[in-house]
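K.L.:
My structure is below; once you've seen it, I'll send some questions.
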Amino acid sequence: MATISLDPRLNLSIAKDHRQHGVVTDEIEGIIRVYKDGHVERPPIVPNVVCTVASEPDVASRDVAINKITNVWARFYVPRCQQGKLPFLVYFHGGGFCVGSAAWKCYHEFLAPRIVSRPPTRTAVMPCCGPNNKR
Numbered sequence: 002m003a004t005i006s007l008d009p010r011l012n013l014s015i016a017k018d019h020r021q022h023g024v025v026t027d028e029i030e031g032i033i034r035v036y037k038d039g040h041v042e043r044p045p046i047v048p049n050v051v052c053t054v055a056s057e058p059d060v061a062s063r064d065v066a067i068n069k070i071t072n073v074w075a076r077f078y079v080p081r082c083q084q085g086k087l088p089f090l091v092y093f094h095g096g097g098f099c100v101g102s103a104a105w106k107c108y109h110e111f112l113a114p115r116i117v118s119r120p121p122t123r124t125a126v127m128p129c130c131g132p133n134n135k136r
């Protein structure tokens, strides 16, 4: 069961008045709600962490914009003491490209320690989440 925090101090963007977006066309309760006008709500299921949060002292992480228009970005993890070229691994988080974030604490804590144990550079990609990016 997911836990959702609605603490106002977290400055989360959850619509206060659901009527402003009209009829809900699709919903997975507590996960995602899609309105007829195209608006999508994704309650904060897992806390996000900034890339500067050091879950592993020997690993540096950085967020990089891939496409600013569609808000596609990636979080890179690199060993701090590595010299020379490194293998490159891309990690796509679960969530069916509808929910989830490369900034989720669980992914950050999962990927950072693996850089120390096996030193390829890793990146977690945050693609534009559907369905609000329909064309």
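Start counting the sequence shown at 2; every next residue gets the next number (the working numbering).
Glycine residues also receive a C-beta, built at the ideal position from the N, C-alpha and C atoms.
1. Going by DSSP, what residue range makes up the alpha helix (DSSP H) through leucine 118?
2. Determine the burial state of arginine 63: buried for a count of at least 16 other Cβ atoms within 10 Å of its Cβ, exposed for fewer.
3. Please determine, among Pro44, Val24 and Thr26, the residue with the shortest C-alpha to C-alpha distance to tryptophan 105.
4. Under the rule that 16 or more other beta-carbon atoms within 10 Å means buried, what is valine 65, buried or exposed?
5. Among Leu87, Asn49 and Val24, which residue has its Cα nearest to the Cα of histidine 109?
6. Quick check on this structure: which residue in Ala75, Val41 and His94 has the alpha carbon closest to the alpha carbon of isoleucine 67?
7. Tell me which residue opens and which closes the beta strand (DSSP E) that valine 25 is part of.
8. What does a CB cutoff of less than 7 Å around alanine 61 pick up in its chain, not counting 5 residues either side in sequence?
9. In the DSSP assignment, find the beta strand (DSSP E) that holds alanine 66 and state where it starts and stops.
P.N.:
Looking at the coordinates:
1. As a first step, residue 118 must be located in the sequence shown, where it is residue number 117. The identity of residue 118 in the sequence shown is serine, whereas the question assumes leucine. From DSSP, the alpha helix (DSSP H) with serine 118 extends over 106-118.
2. Counting from one through the sequence shown, the residue named residue 63 turns up at place 62. Answer is exposed; the Cβ neighbour count stays below 16.
3. Counted from its first residue, the sequence shown places residue 105 at position 104. Among Pro44, Val24 and Thr26, the Cα nearest to that of tryptophan 105 belongs to Pro44.
4. In the sequence shown, counting from the first residue as 1, residue 65 sits at position 64. So valine 65 counts as exposed.
5. For this step, residue 109 is matched to residue 108 along the sequence shown. Closest option to histidine 109, Cα to Cα, is Asn49.
6. Taking the sequence shown and counting its residues from 1, one reaches residue 67 at position 66. The shortest Cα separation from isoleucine 67 among Ala75, Val41 and His94 belongs to Ala75.
7. What you label residue 25 is simply residue 24 of the sequence shown in a count that begins at 1. Run containing valine 25: 25-29, per the beta strand (DSSP E) assignment.
8. Residue 61 sits at position 60 when you count from the first residue of the sequence shown. Contacts found: Val79 and Arg81.
9. On the sequence shown, position 65 is the one that residue 66 refers to. That run of the beta strand (DSSP E) goes 60-68.
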